[in-house]
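Residue numbers (the UniProt record's numbering), protein chains in the order written: chain G, 1 to 981; chain A, 1 to 93; chain V, 1 to 184.
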Amino acid sequence: MTRLTGGLIDRTRPLHFTFNGTGYKGFEGDTLASALLANGVRLMGRSFKYHRPRGVLAAGSEEPNALVSLRDGARAEPNTRATVAELYDGLSARSQNHVGPLHRDLLALNDLLSPFFAAGFYYKTFMWPKAFWEKLYEPAIRKAAGLGELSMLPDPDAYDRGFLQCDLLVIGGGAAGLVAALTAGRAGAQVVLADEDFRLGGRLLMESDLLDGAPASDWVESVRAELASLSNVRIMTRTTVFGVFDHGIYGAVERVADHLPVPGDKVRQTLWRITAKRAVLAAGATERHIPFADNDRPGILLAGALRAYANRWATLPVAKAGDAVAIFTNGDDGHRTARDLLAKGAKLLGVIDSRAGARALGDYRVFSGAQVTGSKGRLGLTQIEITEGGKVSWHEVGALGVAGGWNPNLHLASHHRGRPEWDASLLAFVPGQGGPQGLIPAGAAAGKGGTAQALADGARAAQAALAELALTAPQIALPEALDAPAAQEAFWHVPGKKRAWVDFQNDVTVKDIKLAHQENMRPVEHLKRWTTLGMATDQGKTSNVSALAVMAELTGNSIPETGTTIFRPPYTPVSLGVLGGGDSGPHFRPHRLTPTHGWAEAQGAEFVEVGPWMRAQYFPQKGETHWRQSVDREVLAVRAGVGLCDVTTLGKVDVQGADAREFLNRLYANMMGTLKVGMVRYGLMLREDGHAYDDGTCARLAEDHYVVTTTTANAGLVFQRMEFARQCLWPELDVQLISTTDAWAQIAVAGPKSRELLGRIVDDFDLSNEAFPFMACAPLTICGGLRARLFRISFSGELAYEIAVPARYGHALMERLMKQGADLGVTPYGTETLGVLRIEKGHAAGAELNGQTTAQMLGLGRMVSAKKDSIGAVMSRREGLAADRRRLVGLKSVTPQEQVAAGSHLFTEGAAQTMQTDQGWVTSSCWSPHLKSYIALAYLEDGDSRQGEIVIAANPLEGRELRAEVVSAHFVDPEGGRLRD
Amino acid sequence: MLIPHPLLGLRDAQEFTYLGDAALMNRPDPDAPGAEAAFCDYVFLRDNPAGVHRELWYHEQGDRSWLVVTRNTLTHEILGAELASDVKAGAAQ
Amino acid sequence: MTDLFPVTALGDSAPRNARFGALTLSENAGLALASLALRKGQAAPAPFGLALPEVARAVTSGPHGAFWTGRGQWMIEAEGLAETDFAAALQGQAPGCAVTEQTDGWVAFEIASDTGAPLEALLARLVNIDPRTLGPGCCVRTGLEHMSVFVLRRSETRLAVIGMRSLAGSLWHALSQAARRLED
């Protein structure tokens, strides 16, 4: 055990957990990383490429090394950073990326082969033979390299989404963020304060600084309490703001239940979309290290992390209590760590300071003008080599803290073309010009890293934001604080021949950067891709700037001349589950149900998704074992008697206004202006480019009142297009539109006995052919006074009607029709039968109206009125379209039992099958129980003059071809007598 | 993005669907000489400026209005939004 | 009187109600709806004594209410009149206007709580609308889980979510799941 005294852990609440199956104990307030270190566990994983033993480098979300798999079974989550995994009782974690036990990884062999894995190795090695890539190289690389593994089980947890709007979003709850939130909170602004940690305070929790003479955590608690008491402030801990999007929209993930043993009823994580008028980026800073030979052993950490573990978590990353600790630094900040460690009772070897003439700030030894030039310890640090004034010496140490300076966490500020600027005095990039509008960096994120500096800067940033929002900001009494000395000297890496790691997560060394330079991959974008530097899940938070510095040194340019480093969302990895942010399974997306859905379910119908709708596909009866049996029965029942189908899904648009007639005339390609009240007409809409768009019916209910129907699939789009025409093209017309799709349950009653059946439910309404002919429509009442609309239209080719009633009566109407029609053999039918009936009748549907076809091809060329303008009319007459000779035809398989597959291409018999000889294609096909043959609809060159000819329907995908006879597309009742009787 | 709806104020772009160049409101006269060429232009040719662009957005999950939004395609800065019917009616006067 | 029996939008014989902590959800099956749109140049009528509201506002007068749906367009509500021909009644009150029957086009869920806070917490899970712009007397049409809905703040403690009738099941699922998750 390496627990020190103090810290922000609750020793009265012990927590038990396991790592690689071994049980350990930690306390509430621990992270998995701090608890493991407190138990003397330093080895936490293996590196990506070389399988080098690795431990924690950092104490926060920038951690590149200590990636573990948390939880078991379906909840197992790979690649979690142990440094941000909040400890809970029963936590189970495993290390990753090793074969065999962690301390004896068989793939550690890779480390010996490292000369082969240098920069650009993927590009150089796997060039040839090409065929080896998929079968050999890729699987092998995936196995050897990489991170944790997925459970391959469905995720059992629930995720949620939410929306917040605020005046000020404060990103980060450290010194600057807390002051900013308090300033804005007291000003009465709507404030959201988000912090990725489970406890507010940021770096203040990790430091020994006093605020107003008391521990900083006291001040943090007082601010937290005040903020929590303000109804206009929302505190969100465990919440990472991961990206900035246009116009002040921020993405954030709240880890609601990741710290609980089992989420229970709670969602695991929530994706928040936060719309903020202004935001303060108070995300702090990330320390960088100084690459030196063998600098990647467990026990070598960032010095600030060492300090954090000692101060906040009361532990040290040494193998056993009493082991000495050393600090390697290029500035004063390393000395701050040294003093804190001494205060915590750690045994300090001393501070190795690269600056000549460096002095101790306390009672410890300083190696000035010195460097750490090597390390030993197979699975964890045991010794370091110090070179001071040409003298080399080895020293026993259990841990080494490396302090290379701090990089402001400007990630979010670089999201919208924000270009970081080099600050020569800070030796770091700071947020520069551009970047997200309304985002104000503050505190350490803006290069103001001292405690007093950060507090004051947080107030400044909030005041600036509030002033822009015309809110008066109060002056906040800031606690008394000191800025620790922060002088430093540029010192980027220790020269040497051995490998010195720059990017730990992707195993990129100084040597790799040198090689990239040598191979002319010098621009920073090339450097990144050639070496994979910064391309790991941490996006190079601890490595990018150091790498730039190394490249700058090699090229002789300055760092800002060499390039800069910007970051993409997400700031830290985000699980795909929470990005889905909603339901999975049956509620993955909303489903529209027809008014007879419940009834159809009770009949045992099979359903099919049609766009957002669930429609009955067919209604299996007792003894039917194959869908075809059901469909054949339904088809024949319609043609012989009467069938019922819910067609509510067709889009319905109510069109009113003095100019409704003119409006519809311009919308439809065919003449609609002559339609009389009480009649319905088929209507074809074109796109403005002249191709067919959608078809349906148009019913004129009154002089200035029409109801238009659309296909199910295009209902929303046609409405949108009608609004476009109304608002953007012809706003001078008096037209009012509203969708009524859901308002009416519409049931098709089709078949020779449909009139007889309807006659049994209408109230005193003359259904005779004379009184209510084909294409008539009328309002009426049924079943003793229920309002209804009746349309005599037919999609099946039979005598048919569609009857509409208020949707809540759809269910009862279906039941009534079934009851009243029992002696007529009334049969419900679904979309499959609907499809067969319309193919048999040669009616076009989605497969024929696929966006490539013209009215001529559909055989409707004469419908396109030359007497008037309409959308698409002019372009439909252009040569390229008018000259198209393909026409809709019917095809009948010469061998009736063989299906002409939709998508097959047509050729003349004996012709070579090439693009040039292509004669058309098959759009729809089905078994026709009526004709006892497979039939199809197709577009065929000169199709209207080729009836009786045999063509070849070729299906090269399946290597099949079939002979088929060209026939009329109207397989059933080509004269249309049945419709009209 | 947030679209400044002239009636409803700032609304999230997720409520809208995008069509493109507002020149689509300028449907050519079908009876004018050279109508086919004019339509060809109208249907197939669009400016795609890197910078300020007037474009059509439809408030599908809102009041169903079509808007002409002036947006800088480089910065996504929105310089204004008007009801398309007002724009069209204004142009006709 | 017809001898057919209606079903609710959720497919039941009676409206559905549920309580989740501070929130109650109830299907309002009796709400009659009809749309009203002005003809070109027409002055706004005052059907049932309703002063047709401004953009994004709703008004009520006795059992009747009206909310703005678009420029020159409103939805008119009538509590408990779903079984009547409400569109015809409205047409009588608004001669010359474009009136369309909408009662069965929608499902209305009324959500109530003792205080406003739970309603706003629920809204934050459902719609991307600032609750500060959705005080009593306000309405908005927006997206909710990919569905288009009207949200009406009937009072500090009452909210109505009106969605497409065919989506009633999905909407109920979305509302009740969000309400349940807020329970603790």
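Glycine included, every Cβ here is placed at the ideal spot set by N, Cα and C.
Predicted, not measured: the structure shown is a model, and the values here were computed from it.
A check of alpha carbon separations from residue 461 (chain G) across G:889, G:184 and G:199 identifies G:184 as the nearest. By the beta-carbon neighbour count (other beta carbons within 10 angstroms, threshold 16), residue 686 (chain G) is buried. CA-to-CA, the gap between residue 825 (chain G) and residue 44 (chain V) works out to about 53 Å. Residue-level contact by beta carbon holds for residue 166 (chain V) and chain G, with a gap shorter than 8 Å.
Out of V:170, V:80 and V:182, the CA that lies nearest to the CA of residue 10 (chain V) is found in V:170. Here residue 685 (chain G) carries a strand assignment [DSSP, helix/strand/coil]. Residue environment for residue 113 (chain G): exposed (fewer than 16 other C-beta atoms within 10 angstroms of its C-beta). Under the 8 Å criterion on CB atoms, residue 169 (chain V) is classed as interfacial with respect to chain G.
Beta-bridge partners assigned by DSSP to residue 646 (chain G): G:747. When Cβ-Cβ separations below 8 Å define contact, residue 56 (chain V) makes contact with chain A. Note on geometry: alpha-carbon atoms of residue 349 (chain G) and residue 325 (chain G) lie some 6 Å from one another.
According to DSSP, residue 34 (chain V) shares a beta bridge with V:76 and V:101. Secondary structure of residue 68 (chain A) (DSSP, three-state): strand. Taking a C-beta distance under 8 Å as the contact criterion, residue 41 (chain G) and residue 83 (chain G) do not qualify as a contact pair. Contact annotation: residue 747 (chain G) and residue 654 (chain G) have beta-carbon atoms that are not nearer than 8 Å.
Going by C-alpha positions, residue 49 (chain A) is about 27 Å away from residue 7 (chain A). Taking 7 Å as the Cβ-Cβ cut-off, the stretch 865 to 888 of chain G approaches chain A at 869, 873, 874, 875 and 878, given in chain order. Within chain G, the residues placing a beta-carbon under 8 Å from that of residue 66 (chain A) are 723, 724, 727 and 728, ordered along the chain.
In the structure shown, residue 110 (chain V) adopts extended strand secondary structure according to DSSP, grouped into three states. The alpha-carbon separation between residue 6 (chain V) and residue 617 (chain G) amounts to approximately 24 Å.
For residue 339 (chain G), the CB contacts under 7 Å within the same chain, skipping 5 residues up- and downstream, are 361 and 362 in chain order. Not one beta carbon of chain G lies nearer than 8 Å to the beta carbon of residue 114 (chain V). Listed by position along chain A, the residues whose Cβ is nearer than 9 Å to that of residue 69 (chain V) are 63 and 64. Bounds of the beta strand (DSSP E) holding residue 25 (chain G) are 22 to 28. Proximity of residue 970 (chain G) to chain A, defined by a Cβ-Cβ separation below 8 Å, is not satisfied.
Burial is judged here by how many other beta carbons sit within 10 angstroms of a residue's own beta carbon; residue 773 (chain G) has fewer than 16 and is exposed. Boundaries for residue 318 (chain G): no alpha helix (DSSP H) harbours it, and the DSSP string shows neither H nor E there. Between the stretch 3 to 10 of chain G and the stretch 27 to 40 of chain G, the count of Cβ pairs shorter than 8 Å is three or higher; the stretches touch. The three-state secondary structure of residue 166 (chain V), taken from DSSP, is helix. Excluding five sequence positions before and after residue 464 (chain G), the CB atoms of its chain that fall closer than 8 Å to its own CB belong to 440, given in chain order. Interface with chain A (8 Å Cβ-Cβ cutoff): residue 688 (chain G) is included. With contact defined as three or more Cβ pairs closer than 8 Å, the stretch 393 to 405 of chain G and the stretch 327 to 336 of chain G are in contact.
Rounded to whole angstroms, residue 548 (chain G) and residue 438 (chain G) show a C-alpha spacing of 29 Å. Going by C-alpha positions, residue 258 (chain G) is about 8 Å away from residue 86 (chain G). For residue 89 (chain G), the closest C-alpha among the options G:317, G:586, G:938 and G:261 is that of G:261. Non-local C-beta neighbours of residue 124 (chain V) in its own chain, meaning closer than 8 Å and more than five positions away in sequence, comprise 131, ordered along the chain.
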